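A.B. asks:
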Amino acid sequence: MSPWYDLMAEYGMALDEDRLEDWVELFAEDCDYRVVTRENVEQELPNVLIWCDNKNMLRDRVESYRQVNLYNPHYDRHVIGPLRKLGENAFEASYSLFQTDLEGVSRLFSVGRYRVEVTGKQIKTMLVIADTGAIPSLLATPI
Amino acid sequence: MKVDWPRNDYSRVPFHLHHDPEVYELEMERIFRGPTWNYLCLEAELPKPHDFRTTWVGDTPVIVSRDKQGKLHAFVNRCSHRGAMIVRELKGNAERLVCLYHRWCYSNAGELTGLPFRQGLKGEGGMPKDFDMRAVGPTKLKVESLNGVIFGTFSDQTEPLDQYLGEFGTGMVKRFFHKPVKVLGYSRQRIAGNWKLYAENLRDTYHASLLHEFFVTYGVDRATQKGGVKMDERHRHNMNHAYAASDSQEDALAAYADTAARLDRMRLRDSKLLQFKNEYADGMNLAAPVFFPNALLIQINNTIGTRQIRPKGVDEHEVFQTLFCYEDDDEAMVRHRLISANLVGPAGFVSMEDGEAIEVVQKATRSGQHTHAVIEMGGRGAVKDETHRVTESPIRGFWSYWAELMGVEAPNGIR
Numbered sequence: 562m563s564p565w566y567d568l569m570a571e572y573g574m575a576l577d578e579d580r581l582e583d584w585v586e587l588f589a590e591d592c593d594y595r596v597v598t599r600e601n602v603e604q605e606l607p608n609v610l611i612w613c614d615n616k617n618m619l620r621d622r623v624e625s626y627r628q629v630n631l632y633n634p635h636y637d638r639h640v641i642g643p644l645r646k647l648g649e650n651a652f653e654a655s656y657s658l659f660q661t662d663l664e665g666v667s668r669l670f671s672v673g674r675y676r677v678e679v680t681g682k683q684i685k686t687m688l689v690i691a692d693t694g695a696i697p698s699l700l701a702t703p704i
Numbered sequence: 003m004k005v006d007w008p009r010n011d012y013s014r015v016p017f018h019l020h021h022d023p024e025v026y027e028l029e030m031e032r033i034f035r036g037p038t039w040n041y042l043c044l045e046a047e048l049p050k051p052h053d054f055r056t057t058w059v060g061d062t063p064v065i066v067s068r069d070k071q072g073k074l075h076a077f078v079n080r081c082s083h084r085g086a087m088i089v090r091e092l093k094g095n096a097e098r099l100v101c102l103y104h105r106w107c108y109s110n111a112g113e114l115t116g117l118p119f120r121q122g123l124k125g126e127g128g129m130p131k132d133f134d135m136r137a138v139g140p141t142k143l144k145v146e147s148l149n150g151v152i153f154g155t156f157s158d159q160t161e162p163l164d165q166y167l168g169e170f171g172t173g174m175v176k177r178f179f180h181k182p183v184k185v186l187g188y189s190r191q192r193i194a195g196n197w198k199l200y201a202e203n204l205r206d207t208y209h210a211s212l213l214h215e216f217f218v219t220y221g222v223d224r225a226t227q228k229g230g231v232k233m234d235e236r237h238r239h240n241m242n243h244a245y246a247a248s249d250s251q252e253d254a255l256a257a258y259a260d261t262a263a264r265l266d267r268m269r270l271r272d273s274k275l276l277q278f279k280n281e282y283a284d285g286m287n288l289a290a291p292v293f294f295p296n297a298l299l300i301q302i303n304n305t306i307g308t309r310q311i312r313p314k315g316v317d318e319h320e321v322f323q324t325l326f327c328y329e330d331d332d333e334a335m336v337r338h339r340l341i342s343a344n345l346v347g348p349a350g351f352v353s354m355e356d357g358e359a360i361e362v363v364q365k366a367t368r369s370g371q372h373t374h375a376v377i378e379m380g381g382r383g384a385v386k387d388e389t390h391r392v393t394e395s396p397i398r399g400f401w402s403y404w405a406e407l408m409g410v411e412a413p414n415g416i417r
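For the protein sequence lines, the chains are A and B, in the order given.
Per the numbering used here, residue 562 is the first one in the first sequence, and the count goes up by one each step.
Per the numbering used here, residue 3 is the first one in the second sequence, and the count goes up by one each step.
#1: If you run the structure through DSSP and keep just helix, strand and coil, what is Tyr12 (chain B)?
#2: Give the DSSP bridge partners of Met286 (chain B), in chain order.
#3: Going along the chain, which residues of its own chain have a beta-carbon closer than 6 Å to the beta-carbon of Asn303 (chain B), five neighbours each way excluded?
#4: Short of 8 Å in beta carbon distance, which residues of its chain neighbour Asn203 (chain B), apart from the five on each side in sequence? Order them along the chain.
#5: Whole alpha helix (DSSP H) runs in the region 303-372 of chain B with 4 or more residues, listed along the chain?
#6: How is Phe54 (chain B) classed by DSSP in three states: helix, strand or coil?
#7: Please report how far the alpha carbon of Ile377 (chain B) lies from the alpha carbon of Glu411 (chain B), in whole angstroms.
#8: Can you name, in chain order, every residue of its own chain whose Cβ lies under 6 Å from the Cβ of Arg595 (chain A), other than the five neighbours on each side?
#9: Classify Val138 (chain B) as buried or exposed, calling it buried when 16 or more other Cβ atoms lie within 10 Å of its own Cβ.
#10: So with CB distances below 9 Å, who are the chain C contacts of Ile193 (chain B)?
#11: So what's Ile377 (chain B) in DSSP terms, helix, strand or just coil?
#12: Go ahead and pull the three-state DSSP assignment for Ala695 (chain A).
#13: Name the one or two DSSP bridge partners that Ile641 (chain A) has.
#14: Return yes when the Cβ of His21 (chain B) is within less than 8 Å of the Cβ of Gln371 (chain B), no when it is not.
#15: Along the chain, where does the beta strand (DSSP E) that runs through Gly229 (chain B) open and close?
#16: Using a beta-carbon distance below 8 Å, is Asp621 (chain A) in contact with chain B?
#17: Answer yes or no: does any C-beta atom of chain A fall closer than 8 Å to that of Thr219 (chain B)?
#18: Do you know how far the Cα of Asp61 (chain B) is from the Cα of Met569 (chain A)?
#19: Contact between the region 63-81 of chain B and the region 25-33 of chain B is defined here as three or more beta-carbon pairs at a separation below 8 Å; is this criterion met?
#20: By the criterion of Cβ-Cβ separation under 7 Å, what are the contact partners of Tyr656 (chain A) in chain B?
#21: How is the beta strand (DSSP E) around Leu212 (chain B) delimited, first residue to last?
#22: Check the DSSP bridge columns for Ala76 (chain B) and list the partner residues they point to.
#23: Any heavy atom of the ligand FMN closer than 7 Å to the beta-carbon of Thr389 (chain B)?
#24: Near Gly628 (chain A), which residues of its chain fall below 7 Å by C-beta distance, leaving aside the five closest residues on each side in sequence?
#25: Measuring CB to CB, does Ala46 (chain B) end up less than 8 Å from His75 (chain B)?
#26: Do you know whose CA, among B:Gly221, B:Ala244, B:Arg224 and B:Asp223, lies nearest Val231 (chain B)'s CA?
#27: Is the region 589-606 of chain A touching the region 238-252 of chain B in the sense that three or more CB pairs, one from each, lie closer than 8 Å?
#28: Considering only residues of the region 85-155 of chain B, which uninterrupted beta strand (DSSP E) runs meet the minimum length of 3 residues and lie entirely inside it, listed in chain order?
#29: Quick check on Gly383 (chain B): does DSSP put it in helix, strand or coil?
#30: In whole angstroms, what separates the C-alpha of Trp565 (chain A) from that of Leu581 (chain A)?
#31: Grab the span of the alpha helix (DSSP H) containing Arg224 (chain B) for me, first residue to last.
#32: Which chain B residues are close to Leu688 (chain A), counting only those with a beta carbon under 7 Å from its beta carbon?
#33: Express the C-alpha separation of Cys43 (chain B) and Ile300 (chain B) in angstroms, rounding to a whole number.
#34: Using a Cβ-Cβ cutoff of 9 Å, what residues of the region 338-351 of chain B are near chain A? List them in chain order.
#35: Looking at the unbroken alpha helix (DSSP H) that takes in Phe566 (chain A), where does it start and where does it end?
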């Protein structure tokens with residue numbers, strides 16, 4: 562389990578330190594990263610907020626954030642809970658994601674869980690199931 | 003309530019209209035509970051007898067339900083007894099809807115059908131003998147469905163739905179819903195801004211290619227493409243639209259030289275989310291008809307859906323988006339639509355910015371309520387359809403109709 566803890570520590574920290582390019586490097590080339598909401602999952606609906614079905618789509622999203630998209634200037638803070646093993650290469654964990662604006666006001670942005678499948682030291686699939694289906698303001702930087 | 007319009011063509015809009023709680027309460031009464039058709043949900047979401055679903059009209063909670071015979075009904079989700087929300091779930095299937103507080107029962111048509119201890123116990127207590135259950139039922143909405151899109155109105159004065167939507171409005175509903183649909187799911191975006199800022203945003207074709215640079219950079223939509231704005235006669239509804247691949251790279255480069263120098267050099271490594279498989283006779287790759295007061299149909303390439311504006315107080319609203327596919331789509335097409343969904347919604351490449359733009363307007367105008375917005379792009383005076391999109395005159399059309407319903411038209415105000 563210990564390499565998984567290291568992986569998830571880096572996952573959260575890379576996002577919180579605005580190292581989005583490093584975050585991308587945690588994924589395998591044939592990865593699948595999806596952000597969905599619990600409301601859809603419970604109704605067995607396939608809708609996605611974000612779906613990158615390979616690493617190039619993750620690279621594109623990060624590049625678009627850096628150069629093209631405009632969003633609320635903020636800091637992220639991920640608090641990732643204990644990991645629960647789901648299988649040989651899979652685990653899940655709860656997360657809380659707080660956002661802090663440039664004047665230092667923090668708010669709870671999203672809570673939910675990660676379902677992760679790893680291949681070697683990299684993430685093969687990352688399914689983010691957000692309990693917080695009513696996205697405050699907008700969702701840019703990844704959960 | 004009085005509004006001091008600086009100009010009769012609504013090219014100046016006072017900012018206090020986004021902050022005044024009295025204005026908000028009056029809007030709920032005169033607009034959302036007034037003579038307007040509000041989008042409720044889709045028939046595809048309640049296919050079977052006794053299916054129900056909860057929604058909102060303005061900030062009024064509403065139940066939409068199908069009775070045993072399949073007929074659609076809508077009524078206020080508030081118990082006649084002491085005002086509790088009758089249905090707390092998002093959806094379900096039940097013959098009787100029962101309030102949790104004192105178990106008052108309602109039919110799918112919104113009629114009060116029973117209540118516990120009505121006769122009392124052993125001759126004691128109970129309701130008065132002449133208590134009339136029919137007299138106290140929840141307020142009902144008139145319901146009409148057009149190609150499976152369900153609209154509701156609280157007012158007896160509202161014109162028939164097809165007249166209300168007008169020729170282009172009904173035409174667009176029939177275009178989007180030309181065959182049976184299947185819901186792919188929902189997204190919700192909570193924006194800390196007055197609901198009218200979103201209504202304006204949907205009528206503002208000027209911002210689309212400027213705020214949403216993704217549109218331009220990757221050539222999804224640029225003002226240099228063929229397209230325009232269409233409105234109904236009363237200018238309350240609007241459609242921004244564009245035709246795929248109808249401009250040249252040279253024209254686009256010249257037009258956006260100042261704003262997007264990266265136009266020519268950035269490419270997506272995986273461009274499948276930009277693929278457009280034309281599926282409509284008109285060839286449009288972008289169509290966004292907006293219906294006063296709360297609805298939008300949205301097509302960006304092959305992602306298709308509805309959006310509903312749900313006001314949540316004077317300074318907040320939810321944008322509730324329902325994405326769908328067609329029932330006869332194959333697996334690959336459904337996957338393509340879901341990949342295209344990266345473009346829209348709270349995390350959408352061409353929509354996320356709206357949340358931020360609206361919030362910074364709400365923040366900055368709080369202290370500028372004595373001042374007003376300047377809306378002159380596309381010209382002053384009469385509001386009319388255009389075959390270009392360098393305009394925001396549909397916003398003036400919105401305000402003109404808003405002012406009419408609110409009873410605060412400008413002296414000699416345009417319509």
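Ideal Cβ placement from N, Cα and C applies to all residues, glycine included.
Fair warning: this is a prediction, and the values are worked out from it, not measured in the lab.
C.D. replies: Let's see:
#1: Translated into positions along the second sequence, residue 12 (chain B) becomes position 10. The answer is coil: DSSP assigns Tyr12 (chain B) none of H, G, I, E or B.
#2: Numbered from its first residue, the second sequence carries residue 286 (chain B) at position 284. In DSSP, Met286 (chain B) forms a bridge with B:Tyr245.
#3: On the second sequence, position 301 is the one that residue 303 (chain B) refers to. Phe278, Asn287 and Ser342, listed in sequence order.
#4: Your numbering for residue 203 (chain B) matches position 201 in the second sequence. These residues qualify, in order along the chain: His209, Asp356, Ala359 and Ile360.
#5: 333-342 and 354-367
#6: Here residue 54 (chain B) refers to the residue found at position 52 of the second sequence. Strand at Phe54 (chain B).
#7: The residue labelled residue 377 (chain B) in the question sits at position 375 within the second sequence. The residue labelled residue 411 (chain B) in the question sits at position 409 within the second sequence. Going by the C-alpha atoms only, they are around 17 Å apart.
#8: Within the first sequence, numbered from 1, the residue matching residue 595 (chain A) stands at position 34. Closer than 6 Å at the Cβ level, and outside the excluded window around Arg595 (chain A), lie Val609, Trp612 and Leu688.
#9: If you number the second sequence from 1, residue 138 (chain B) lands on position 136. By the neighbour-count rule (16 or more Cβ atoms within 10 Å), Val138 (chain B) is not buried but exposed.
#10: Judged by its chain identifiers, the structure shown contains no chain C, and its protein chains are A and B.
#11: Residue numbering aside, residue 377 (chain B) sits at position 375 when the second sequence is read from its first letter. Of the three classes helix, strand and coil, the one that applies to Ile377 (chain B) here is coil, per DSSP.
#12: Position 134 of the first sequence, counted from the first residue, corresponds to residue 695 (chain A). Strand at Ala695 (chain A).
#13: Start at 1 with the first residue of the first sequence, and residue 641 (chain A) comes out as number 80. Per DSSP, A:Tyr656.
#14: Position 369 of the second sequence, counted from the start, is the residue given in the question as residue 371 (chain B). Position 19 of the second sequence, counted from the start, is the residue given in the question as residue 21 (chain B). Cβ atoms of Gln371 (chain B) and His21 (chain B): closer than 8 Å.
#15: As a position in the second sequence, residue 229 (chain B) is number 227, starting the count at 1. Taken as a continuous stretch (DSSP letters only), the beta strand (DSSP E) holding Gly229 (chain B) covers Gly229 to Met233.
#16: Along the first sequence, one-based indexing puts residue 621 (chain A) at 60. With 8 Å as the cut-off, Asp621 (chain A) counts as an interface residue toward chain B.
#17: The residue given as residue 219 (chain B) occupies position 217 in the second sequence. Chain A, which has a Cβ nearer than 8 Å to the Cβ of Thr219 (chain B), makes this yes.
#18: What you label residue 569 (chain A) is simply residue 8 of the first sequence in a count that begins at 1. What you label residue 61 (chain B) is simply residue 59 of the second sequence in a count that begins at 1. For Met569 (chain A) and Asp61 (chain B), the distance between alpha carbons rounds to 41 Å.
#19: no
#20: Numbered from 1 along the first sequence, position 95 holds the residue referred to as residue 656 (chain A). Chain B residues near Tyr656 (chain A): none, gap ~16 Å exceeds 7 Å.
#21: In the second sequence, residue 212 (chain B) corresponds to position 210, counting from 1. Unbroken run through Leu212 (chain B) is the alpha helix (DSSP H), Thr207 to Leu213; no beta strand (DSSP E).
#22: Locating residue 76 (chain B) in the second sequence gives position 74, counting from the first residue. Ala76 (chain B) is bridged to B:Val66 and B:Leu143.
#23: With respect to the ligand FMN, the structure offers nothing, as it holds no ligand at all.
#24: Mapped onto the first sequence, residue 628 (chain A) falls at position 67. Looking at the sequence itself, residue 628 (chain A) is Gln, so the reference to Gly does not match. Nothing listed; no residue qualifies.
#25: Position 44 of the second sequence, counted from the first residue, corresponds to residue 46 (chain B). Position 73 of the second sequence, counted from the first residue, corresponds to residue 75 (chain B). The answer is no: Cβ separation not under 8 Å.
#26: What you label residue 231 (chain B) is simply residue 229 of the second sequence in a count that begins at 1. Taking only the C-alpha atoms, the option nearest Val231 (chain B) is B:Ala244.
#27: no
#28: 93-95, 114-116, 142-148 and 151-155
#29: Here residue 383 (chain B) is taken as the residue at index 381 of the second sequence, counted from 1. Gly383 (chain B): coil per DSSP, three-state reduction.
#30: Taking the first residue of the first sequence as 1, we reach residue 565 (chain A) at position 4. Taking the first residue of the first sequence as 1, we reach residue 581 (chain A) at position 20. The alpha-carbon atoms of Trp565 (chain A) and Leu581 (chain A) are separated by roughly 19 Å.
#31: Position 222 of the second sequence, counting from 1, holds the residue named residue 224 (chain B). Per DSSP, Arg224 (chain B) belongs to no alpha helix (DSSP H) and is neither H nor E.
#32: Within the first sequence, residue 688 (chain A) is the residue found at index 127, counting from 1. In chain order: nothing, as chain B lies at least about 14 Å away.
#33: Along the second sequence, one-based indexing puts residue 300 (chain B) at 298. Along the second sequence, one-based indexing puts residue 43 (chain B) at 41. Cα to Cα, Ile300 (chain B) sits roughly 15 Å from Cys43 (chain B).
#34: Leu340, Ile341, Ala343, Asn344, Gly347, Pro348, Ala349, Gly350 and Phe351
#35: Taking the first sequence and counting its residues from 1, the one referred to as residue 566 (chain A) is at position 5. The amino acid at residue 566 (chain A) is misidentified as Phe; the sequence shows Tyr. First-last of the alpha helix (DSSP H) with Tyr566 (chain A): Ser563 to Asp577.
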